[in-house]
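Residues 3 to 306 (the numbering used here) make up the sequence shown, in order. Using N, Cα and C, we set each Cβ at its ideal position, and we do this for glycine too. Worksheet for the structure shown next.
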Amino acid sequence: MPGIIRFAPSPTGFLHEGHLLSALYVWAAAKKWDLKIHLRIEDHDQGRARKEYIDGIREDLAWLGFRYDSESIQSSHFDFFQKVLDKLTAKGLVYPCTCSRKQLQSENPISETGEVIYQGKCFFRRETKDERREINLPHNLRIVIPDKVINWHDERLGDFSENPKLQCGDFPIRDRDGFWTYQFAVCIDDLTEGITHIVRGEDIRNSTARQIALSQLIADTCQDEPSLRIPPYTRQLYLHHPLIVDSSGKKLSKREHAYSLRQDKDAGKTPPEILGQILYKAGFLSNNTPTALEQAITIVAKRL
Ligand code: GLU
Ligand code: ZN
């Protein structure tokens, strides 16, 4: 069976250079490893996702010439997410956390990367099948993550041994507004969609150990779910690609890209011009030379 790779943009804005670079890496990996490509619209954050962005992502990918084999949208899986949550809750693996942002910052250690390492203050609020608690305070839901080292390999960056309990502690799977978090949604979808290859920006590298840990909990807890029958987490390949650097040498995270490809397109740039520009900025080309998509994918694939 061929492997499956996914491109998973969040429709909280139009596609920008960060997405485009990720897309080139994903399509290059698919070429190199002969994979099917799946487009997943990650609209788990219903507070920020917009229909115009969803349509825009599809249109822009088509305009640039990116073709894929299948497509899904997270919001059509929300009932299933709830089912998984219920099963995790019944096993005592979930608890509501009422800590405010301020409390989180002041009552917990902060990691080198600036993240709160949650110490489990609200763990006592955990409920089980036999013990239901009503909670009327604003709260998120956290997963009880095992205190365990996850060993994983990145095709570009090498081997990692990380313990999510020490990196961030129990983390939210549903936020205060009732929206599913990225970590929860991405784990379930990667499992149910049979994703074998995960290629994405270096800015998300820190999430990998916690996603492996959560995927294992989900797979173990939901063994009777046909859609989660095979736990592919054991054979997932990871590659986290470098990000684009701005003129001062600072890496731009996807969130920081100020303008969209639409603006380039509206200004009259052609797809080869846009692709050449991105290859140049990412260090694949020494000159800003217009490059056709197939050629651009080949250039990136050679460096994988
Ligand atoms: N939806 C995420 C983003 O646009 C990507 C998630 C992933 O590739 O795991 O930043
Ligand atoms: Zn708390």
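C-alpha of residue 185 to C-alpha of residue 244: approximately 21 Å in a straight line. In this structure, residue 193 lies near residue 230, with their beta-carbon atoms less than 8 Å apart.
By the beta-carbon neighbour count (other beta carbons within 10 angstroms, threshold 16), residue 160 is exposed. Cα atoms of residue 147 and residue 216: separation of roughly 7 Å, rounded to the nearest angstrom. Straight-line spacing of the CA atoms in residue 205 and residue 3 works out to 30 Å. Between ligand 2 and residue 101, a heavy atom-to-CB distance of less than 7 Å is present. DSSP places residue 19 within a helical segment (H, G or I) once states are collapsed to three. Beyond the five residues adjoining it in sequence on each side, residue 150 comes within less than 6 Å, by CB distance, of no other residue in the same chain.
Within 10 angstroms of the beta-carbon of residue 228 lie fewer than 16 other beta-carbons, which makes it exposed. Around residue 77, the same chain offers 45 as residues with beta carbons nearer than 6 Å, after the five sequence neighbours per side are excluded.
In this structure, residue 61 sits away from residue 91, with a CB-CB distance that is not shorter than 8 Å. Ligand 1 approaches residue 12 closely enough that one of its heavy atoms is under 7 Å from the residue's Cβ. Counting along the chain, residue 140 sits inside no beta strand (DSSP E), nor does DSSP assign it H or E at all.
About 14 Å separates the CB atoms of residue 218 and residue 188; that is not less than 8 Å, and the two are not in contact. For residue 239, the secondary structure class from DSSP, reduced to helix, strand or coil, is strand. A distance of 8 Å or more separates the beta carbons of residue 154 and residue 80. In the three-state scheme derived from DSSP, where H, G and I count as helix and E and B as strand, residue 98 is classed as strand.
Pairing residue 142 with residue 99 gives a Cβ-Cβ distance under 8 Å. By the neighbour-count criterion, in which a residue is buried when 16 or more other Cβ atoms sit within 10 angstroms of its Cβ, residue 140 is exposed.
Under DSSP, residue 153 forms a beta bridge with 163. For residue 125, the number of other beta carbons within 10 angstroms of its own is below 16, and it is reported as exposed. With a minimum length of 4 residues, the unbroken runs of alpha helix (DSSP H) contained wholly in the stretch 9-80 fall at 19-35 and 53-66.
Look at residue 120 here: in three-state DSSP terms it is strand.
Apart from sequence neighbours up to five positions away, the residues of its chain that approach residue 12 with a beta-carbon distance below 6 Å are 44, ordered along the chain.
Approximately 26 Å separates the beta-carbon atoms of residue 88 and residue 40; this is outside 8 Å, ruling out the contact.
When secondary structure is reduced to three states using DSSP, residue 147 falls in the coil class, being assigned neither helix nor strand. Residue 127 and residue 112 do not touch by the CB rule: their CB atoms are close to 23 Å apart, not below 8 Å. Rounded to the nearest angstrom, the Cβ distance from residue 7 to residue 201 is 6 Å, consistent with a contact under 8 Å. At a cut-off of 7 Å, the beta-carbon of residue 188 counts as near ligand 1: some heavy atom of the ligand is closer than that. Checking the DSSP bridge columns, you'll see residue 113 has no partner listed. Under the 10 Å beta carbon count, residue 97 is surrounded by 16 or more other beta carbons and is classified as buried. With a cutoff of 8 Å on beta-carbon distance, residue 64 and residue 42 are scored as not near each other.
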